[in-house]
Each structure stands twice: as structure tokens, then as C-alpha cells.
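Asks: Below is the structure I would like to discuss, written out as C-alpha cells.
Residue numbers (our numbering): 5 to 361.
Structure, rendered in C-alpha cells:
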């Protein structure tokens with residue numbers, strides 16, 4: 005939010021009249037109210053930003069891309085005299101390429117709203133994400149008032165490490181260098197293979213896929229191979245973030261979850277996201293158990309003969325916060341240059357709910 009407010013303040017000081025337009029495709033259930041709520045959940049309100057927010061979902065058809073895709077763009081953005089995107093440059097959760105998640109993607113998929121996002125994703129399943137986004141972006145730059153954007157790169161601790169203004173003429177090429185920096189800072193697990201990964205929470209505020217596919221080593225995308233590492237045999241999801249408002253897209257990346265998680269799901273949001281992106285597998289339900297205890301028992305006993313001294317388990321808050329996490333004894337005993345063991349705590353259960361207190 006500080007970056008967005010700083011940009012708005014600067015524009016207003018130059019006598020411009022900025023308006024914020026959500027560039028989030030089908031997020032928020034592809035509704036005006038849902039997108040406004042999504043912004044509010046991360047502190048982006050009209051009061052905090054100091055300018056109006058126009059969350060309209062209607063679009064205009066800009067034309068056909070070079071590979072045959074329909075290109076749509078938010079009417080709210082087209083009503084402006086100029087469009088300046090503000091977004092993180094980071095690894096995409098569905099593919100790897102010269103440019104991934106960043107300004108180019110937001111100006112095409114994000115500002116395409118639900119109908120535009122769906123069109124680009126449909127082309128991506130056939131032509132590949134990079135080709136689909138770049139060809140749509142060419143139409144956007146020709147027929148909309150896009151000026152460029154403010155690119156952000158975040159470090160391992162989810163803090164802003166770099167801010168750079170990028171003119172539209174430098175997109176998408178400039179994103180390659182920024183993406184390289186983002187990969188250097190990207191949170192990852194220090195293990196090539198795990199028997200079980202326990203994730204306390206997933207959500208759209210953590211990753212577009214609920215949990216970062218680059219961290220867990222699973223894309224689950226048609227015509228795309230999964231990353232080579234890490235290899236994780238079982239993933240357990242214990243909850244959703246408050247800010248995701250029931251959008252559990254990405255739960256299908258897990259193998260096991262609990263009944264409490266499924267009770268939080270807003271399937272309208274989950275399925276809207278899945279149908280727009282074409283990532284149906286991410287919306288599937290994994291094995292659902294009554295509580296944490298049974299979920300964990302199921303995970304550790306379905307990877308081979310269970311041995312508490314050798315089982316390789318990591319337990320994280322979410323895939324964006326990896327500076328500290330819990331591990332099983334076997335992992336704690338391993339020697340890693342960037343891992344420091346600071347203590348131990350027994351795992352206990354209160355009526356089936358896990359706790360380290």
C-alpha cells in the first residue's frame with residue numbers, strides 16, 4: 005500500500021486525477037463487490053489511497069491477437085487518459101519463461117477482467133503462457149492508453165527490495181532482468197525432497213494458486229511439466245487465510261485436508277477462478293479428514309513404512325513465510341548452511357487440533 009499511495013500522491017501533486025482500477029482478472033468471484041473487498045482486505049481502500057476506486061467488471065473488445073485470441077480490456081482503464089500498472093515481478097505459478105508474473109501479465113490478464121483473463125488462459129493451454137500473454141499485450145499497447153508501470157521486487161522476508169518505473173516501450177523485455185532478481189530473493193524450502201509438507205494456511209493473498217507452486221514443486225497445469233524439485237510426497241493443508249474470503253483455489257494441490265477447511269470454502273469463488281484460468285485440478289478436493297490428527301496420520305503413513313526417526317516432515321505457516329518453520333527430527337539433524345535449529349517443541353493435539361504450545 006505505501007508504494008501505491010506514494011504514486012497517487014505524486015500524480016496528484018502534478019494535478020492529475022488518479023483512479024485505482026483493480027487488475028485481478030476473476031479474483032473476488034469476478035464481481036465488483038468481490039474485487040473491492042479483496043482490495044480492502046490488504047488495506048487498499050479509497051480512504052487509505054486518497055483517490056477513487058473503480059472496480060467495474062465490464063470490458064471492451066480490443067481485437068484479436070496474433071495467435072487468434074480475443075483480447076478484452078477493462079472499460080474503467082480505457083476511460084482513463086493514461087494507465088500505470090503497479091505490481092510485483094515474481095515467478096509465475098503455472099510456467100517459467102523470460103517474463104512471468106508482473107506488469108505485462110497484469111496489463112493483459114488482470115485488466116482483462118474475467119472475460120479477458122479466460123481468453124488468455126484458453127490460448128495459453130494451446131500456445132503456452134508466454135506466447136499467449138505477449139500476443140495479447142501487443143493488442144493492449146496498440147489500443148489502450150497504457151503508459152507503463154511501477155515494478156516491485158520483494159525479498160525473502162516479503163519486503164520490498166526494489167522499485168523501478170518501466171515505460172511501456174520496455175515491456176516485456178525489462179521484466180526479464182527484474183524476474184532474475186525476483187528468483188534470487190524468492191522464498192524456497194532448503195530441502196530437495198520431503199515425505200510430508202504441512203501448510204497452516206493457503207489463500208489468494210499468499211499466491212494466485214493459493215500456495216506458491218514453485219515452493220511446493222507442483223504446477224498441476226495441462227501441457228506443463230512440474231518443477232524438478234522439490235519432490236514432496238504428501239501435502240497437508242490445515243486452513244485458509246482470512247483475506248482469501250473462502251477462495252480455496254489451490255486446495256487441489258494438496259493430498260490431505262480437514263473438514264474445517266472445506267467448511268470455509270466459497271465454491272462460487274473457487275470455481276469462478278478455476279474455470280477462468282482453466283486450472284480445474286487446483287479446485288479439486290483432496291482427501292478430507294475430520295481433524296488435524298487424522299490428516300497428519302494419514303499423510304505420514306501413506307508414504308511407506310512409518311518411522312518417526314526417519315520421516316522427513318516440514319511444517320510451514322504458508323509459502324510466503326519461510327524464514328522460520330518446524331521440521332521433524334530427521335530434518336533437524338541434517339547439516340544445512342542456511343538453516344539454524346533454535347529449539348524443539350512437542351506436537352500435541354487438543355480434540356484433534358494440532359498445537360506446539
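Just so you know, even glycine gets a beta-carbon here, dropped at the ideal spot from N, CA and C.
Give the list of continuous beta strand (DSSP E) stretches no shorter than 3 residues that lie fully inside the segment 66-111.
Replies: Listed in chain order, they are 74-78, 87-92.
Asks: Are residue 217 and residue 269 close, meaning C-beta to C-beta below 8 Å?
Replies: On the chain shown, residue 217 is found 213 positions in, with the first residue counted as 1. On the chain shown, residue 269 is found 265 positions in, with the first residue counted as 1. Cβ atoms of residue 217 and residue 269: not closer than 8 Å.
Asks: For the alpha helix (DSSP H) containing residue 48, name the first residue and the last one.
Replies: Here residue 48 refers to the residue found at position 44 when the chain shown is read from its first residue. That residue, residue 48, is in no alpha helix (DSSP H); it is neither H nor E in DSSP.
Asks: For the segment 272-282 and the segment 241-259, state whether three or more C-beta atom pairs, one from each stretch, are separated by less than 8 Å.
Replies: Yes, since at least three Cβ pairs between the segment 272-282 and the segment 241-259 fall closer than 8 Å, the two stretches touch.
Asks: Answer yes if the segment 77-88 comes into contact with the segment 109-117, meaning at least three C-beta pairs across the two stretches below 8 Å, and no otherwise.
Replies: Result yes; three or more Cβ-Cβ pairs closer than 8 Å.
Asks: Can you tell me whether residue 205 is buried or exposed? The criterion is at least 16 other CB atoms within 10 Å of its CB, across all chains shown.
Replies: Counting from one through the chain shown, the residue named residue 205 turns up at place 201. Classification of residue 205: buried, given that the 10 Å Cβ count is 16 or more.
Asks: Please report how far the alpha carbon of residue 87 lies from the alpha carbon of residue 138, in whole angstroms.
Replies: Position 83 of the chain shown holds residue 87. Position 134 of the chain shown holds residue 138. Near 18 Å, if we compare the C-alpha coordinates of residue 138 and residue 87.
Asks: For residue 169 and residue 293, I'd like the C-alpha separation in whole angstroms.
Replies: Your numbering for residue 169 matches position 165 in the chain shown. Your numbering for residue 293 matches position 289 in the chain shown. Answer to the nearest angstrom: the Cα atoms are 48 Å apart.
Asks: Check the C-beta distance from residue 162 over to residue 324 and give it rounded, since I have them as a contact under 8 Å.
Replies: Within the chain shown, numbered from 1, the residue matching residue 162 stands at position 158. Within the chain shown, numbered from 1, the residue matching residue 324 stands at position 320. 5 Å between Cβ atoms; contact.
Asks: Report the residue from 234, 314, 119 whose alpha carbon sits nearest the alpha carbon of residue 280.
Replies: Counted from its first residue, the chain shown places residue 280 at position 276. The candidate whose alpha carbon is nearest that of residue 280 is 119.
Asks: Quick one: using the 10 Å Cβ neighbour count with 16 as the cut-off for buried, is residue 56 buried or exposed?
Replies: Start at 1 with the first residue of the chain shown, and residue 56 comes out as number 52. Residue 56 comes out exposed.
Asks: If you draw a straight line from the alpha carbon of residue 199 to that of residue 304, how long is it in whole angstroms?
Replies: Locating residue 199 in the chain shown gives position 195, counting from the first residue. Locating residue 304 in the chain shown gives position 300, counting from the first residue. Using only the alpha carbons, I get a separation of about 7 Å.
Asks: Do you know whose CA, among 67, 328, 336, lies nearest residue 312's CA?
Replies: In the chain shown, the residue the question calls residue 312 occupies position 308. Comparing Cα-Cα distances from residue 312 to each of 67, 328, 336, the minimum goes to 336.
Asks: Classify residue 21 as buried or exposed, calling it buried when 16 or more other Cβ atoms lie within 10 Å of its own Cβ.
Replies: Your numbering for residue 21 matches position 17 in the chain shown. Classification of residue 21: exposed, given that the 10 Å Cβ count is below 16.
Asks: Do residue 71 and residue 134 have their beta-carbon atoms positioned less than 8 Å apart in this structure?
Replies: For the purposes of this step, residue 134 is taken as the residue at position 130 of the chain shown. For the purposes of this step, residue 71 is taken as the residue at position 67 of the chain shown. No, Cβ-Cβ distance for residue 134 and residue 71 is not below 8 Å.
Asks: Work out the CA separation of residue 317 and residue 361 for me, nearest whole Å.
Replies: As a first step, residue 361 is located in the chain shown; it is residue number 357 there, counting from the start. As a first step, residue 317 is located in the chain shown; it is residue number 313 there, counting from the start. When rounded, the distance between both Cα atoms is 19 Å.
Asks: Please specify which runs of the beta strand (DSSP E), each continuous and at least 3 residues long, are wholly inside the segment 273-305, giving them in chain order.
Replies: The qualifying runs are 291-293.
Asks: Just the Cα atoms here: how many angstroms apart are residue 195 and residue 82?
Replies: Here residue 195 is taken as the residue at index 191 of the chain shown, counted from 1. Here residue 82 is taken as the residue at index 78 of the chain shown, counted from 1. Approximately 46 Å between the Cα atoms of the pair.
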